[in-house]
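Participant: Sequences listed follow chains A and Y, in order.
Numbers in the working numbering are just positions in the first sequence, counted from 1, shifted up by 21.
Numbers in the working numbering are just positions in the second sequence, counted from 1, shifted up by 171.
Built from N, CA and C at the ideal position, the CB exists for glycine as well.
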Amino acid sequence: MIDPIAETRSLVVERLMPHSPEKIWRALTQPWLIEEWLMQNDFSPEVGHRFTVRAKPLPGWSGVAHCEVVAVEPPRRLAYRWGDGTESDTHVRTLVTWTLTPEAEGVLVRMEQSGFRPQDVLAHARMGAGWPRVLQRLDQTAGALQ
Amino acid sequence: MPTDADTVFSALADPTRRAIFQRLSREGEQTVHILTGHAGVSQPAVSKHLATLKRAGLVSDRRAGRETHYRVRVEGLAPLVDWMSLYGAFWRDRFDALEDLLARMDG
Chain A
22 MIDPIAETRS
32 LVVERLMPHS
42 PEKIWRALTQ
52 PWLIEEWLMQ
62 NDFSPEVGHR
72 FTVRAKPLPG
82 WSGVAHCEVV
92 AVEPPRRLAY
102 RWGDGTESDT
112 HVRTLVTWTL
122 TPEAEGVLVR
132 MEQSGFRPQD
142 VLAHARMGAG
152 WPRVLQRLDQ
162 TAGALQ
Chain Y
172 MPTDADTVFS
182 ALADPTRRAI
192 FQRLSREGEQ
202 TVHILTGHAG
212 VSQPAVSKHL
222 ATLKRAGLVS
232 DRRAGRETHY
242 RVRVEGLAPL
252 VDWMSLYGAF
262 WRDRFDALED
272 LLARMDG
């Protein structure tokens, strides 16, 4: 069995969208468009650019994520670090990668958020106040799975 | 040992077990004796709680002389990482919003 400590986990969401890659690329990379579907931001499509995304704070999350652009390959691939570990109780630091793959019916838009670690949850264990929220999340997750 | 989120969840749903687990994660390896001193319940009760945590894969034990030492297994928490599915809901909503935007945009 693989060692779960070393293992990090990814979240993948994919959807076929009946639009051109160039148009989708604009929606993913122009800050005033990003704001329409994601969050308030000061994104710029330059490798090394640091930016923040902002939303209404939630319990355990400050409402801000500190990000940094790591790959810009128009109109195919975009990647940015999401979270520097300071924003939430869980200290989550992840990498968000967008991949656009042209297909007959449009473009397959794939978002992968990688880097979730088991230790991210252990951070909750060290903060008593975080537990009710972890357990609440677990409850919701278990409910969603059944 | 295969465990799932339900097992881990029910093991940690009990406040006394949660307190024991939190203490182990904060203080590192501890003996049953020391844990009993802080738990506010009897040693047999603490041992029973530790057995439940062990079955859930959340702690491991080690005999040294007459004492049994317990420590947290970080990897036992891996099933909890399924709360990530909540991030999944976040991104699916964002995908919906992205599609709405694309429908409104020119070419």
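(1) How is Leu49/A classed by DSSP in three states: helix, strand or coil?
(2) Thinking C-alpha only, which one of Gly199/Y, Asp267/Y and Gly236/Y is nearest Arg244/Y?
(3) Using C-beta distances below 8 angstroms, list every residue in its chain close to Phe137/A, excluding the 5 sequence neighbours before and after it, in chain order.
(4) Report buried or exposed for Val68/A, applying the criterion of at least 16 other Cβ atoms within 10 angstroms of its Cβ.
(5) Starting from the N-terminal side, write out each stretch of the alpha helix (DSSP H) that is 4 residues or longer and does not extend beyond the segment 181-215 of chain Y.
(6) Going by DSSP, which residues form a beta bridge with Pro123/A?
(7) Please return the same chain residues whose Cβ sits closer than 7 angstroms to the Cβ of Thr187/Y, not counting the five positions on each side in sequence.
(8) Measuring alpha carbon to alpha carbon, tell me which residue in Arg237/Y, Ala274/Y, Asp232/Y and Gly259/Y is nearest Met132/A.
(9) Report the CB separation of Thr178/Y from Ala216/Y in whole angstroms; it is logged as a contact under 8 angstroms.
(10) Is there a C-beta anywhere in chain Y that falls below 8 angstroms from the one on Trp58/A?
(11) Would His297/Y and Gln214/Y qualify as a contact pair, given that the criterion is a beta-carbon distance under 8 angstroms?
(12) Going along chain Y in order, which residues have a C-beta closer than 8 angstroms to the C-beta of Ala48/A?
(13) Counting contacts by CB-CB distance shorter than 8 angstroms, is Thr174/Y in contact with chain A?
(14) In whole angstroms, give me the CA-to-CA distance for Trp262/Y and His204/Y.
(15) Can you pull the chain A neighbours of Gly259/Y, defined as C-beta to C-beta under 8 angstroms?
(16) Can you confirm whether Lys44/A, when its beta carbon is compared against all beta carbons of chain Y, has any partner nearer than 8 angstroms?
(17) Using a Cβ cut-off of 8 angstroms (strictly closer), state whether His87/A contacts chain Y.
Facilitator: Taking the geometry as given:
(1) Translated into the one-based positions of the first sequence, residue 49/A becomes position 28. Note: Leu49/A maps to helix in three-state DSSP.
(2) Within the second sequence, the letter at position 73 stands for residue 244/Y. The residue with the shortest Cα to Cα distance from Arg244/Y is Gly199/Y.
(3) Counting from one through the first sequence, the residue named residue 137/A turns up at place 116. Taken in chain order, the residues that qualify are Thr29, Arg30, Ser31, Leu32, Val113 and Thr115.
(4) If you number the first sequence from 1, residue 68/A lands on position 47. Val68/A comes out exposed.
(5) 186-198 and 203-210
(6) Here residue 123/A refers to the residue found at position 102 of the first sequence. In the DSSP output, where bridge partners are listed per residue, Pro123/A has Val128/A.
(7) The count along the second sequence starts at 1 and reaches residue 187/Y at position 16. Cβ within range, chain order: Ala210, Val212 and His220.
(8) Position 111 of the first sequence, counted from the first residue, corresponds to residue 132/A. Answer by Cα proximity: Gly259/Y.
(9) What you label residue 178/Y is simply residue 7 of the second sequence in a count that begins at 1. What you label residue 216/Y is simply residue 45 of the second sequence in a count that begins at 1. Not quite, the Cβ-Cβ distance comes to about 20 angstroms (not below 8 angstroms), so this is no contact.
(10) Residue 58/A sits at position 37 when you count from the first residue of the first sequence. Yes, contact with chain Y.
(11) Residue 297/Y lies beyond the range of chain Y shown here (172 to 278); nothing can be said about it.
(12) Walking along the first sequence from the start, residue 48/A turns up at place 27. Residues of chain Y passing the Cβ test: Leu269, Leu272, Leu273 and Met276.
(13) As a working mapping, residue 174/Y is identified with position 3 in the second sequence. Its pLDDT being 48, under 50, Thr174/Y is placed unreliably by the model, and the measurement read from it follows with that caveat. No, its Cβ sits nowhere closer than 8 angstroms to a Cβ of chain A.
(14) Counted from its first residue, the second sequence places residue 262/Y at position 91. Counted from its first residue, the second sequence places residue 204/Y at position 33. Cα to Cα, the separation comes out at about 47 angstroms.
(15) Working through the second sequence from its first residue, we reach residue 259/Y at position 88. Correct list: Leu32 and Val34.
(16) Start at 1 with the first residue of the first sequence, and residue 44/A comes out as number 23. Chain Y contact via Cβ: present.
(17) Mapped onto the first sequence, residue 87/A falls at position 66. Cβ-Cβ to chain Y under 8 angstroms: no for His87/A.
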